[in-house]
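Worksheet: the structure to be examined is printed underneath.
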């Protein structure tokens, strides 16, 4: 992915990886973009308040035993 982001041609990357066709390499690019879209969808709005973690009673009890 770093090669693609740095501007290298996907055909060259496909050959370097041993793929018969750039279409094979393109599947990985699409998957990566989908992962980025999911990550962006989970982001908070700018200036939004972050939720505070509250440990459950069972977790606190477990930690006290350590």
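Residue numbers (the working numbering): 70 to 135. Glycine residues also receive a C-beta, built at the ideal position from the N, C-alpha and C atoms.
key: Between the CA atoms of residue 80 and residue 88 - distance to the nearest angstrom   = Residue numbering aside, residue 88 sits at position 19 when the chain shown is read from its first letter. Residue numbering aside, residue 80 sits at position 11 when the chain shown is read from its first letter. Their backbone Cα atoms lie some 9 angstroms apart in a straight line.
key: CB contact flag (residue 108, residue 93, <8 angstroms)   = By 1-based counting over the chain shown, the position of residue 108 is 39. By 1-based counting over the chain shown, the position of residue 93 is 24. Going by C-beta atoms, residue 108 is not nearer than 8 angstroms to residue 93.
inquiry  = Given this structure, state the Cα-to-Cα distance separating residue 95 from residue 126, to the nearest angstrom.
reply    = The residue labelled residue 95 in the question sits at position 26 within the chain shown. The residue labelled residue 126 in the question sits at position 57 within the chain shown. Answer to the nearest angstrom: the Cα atoms are 48 angstroms apart.
key: Residue-chain proximity (residue 129, chain D), Cβ-Cβ < 8 angstroms   = Going by chain labels, chain D is absent from the structure shown, which holds only one protein chain.
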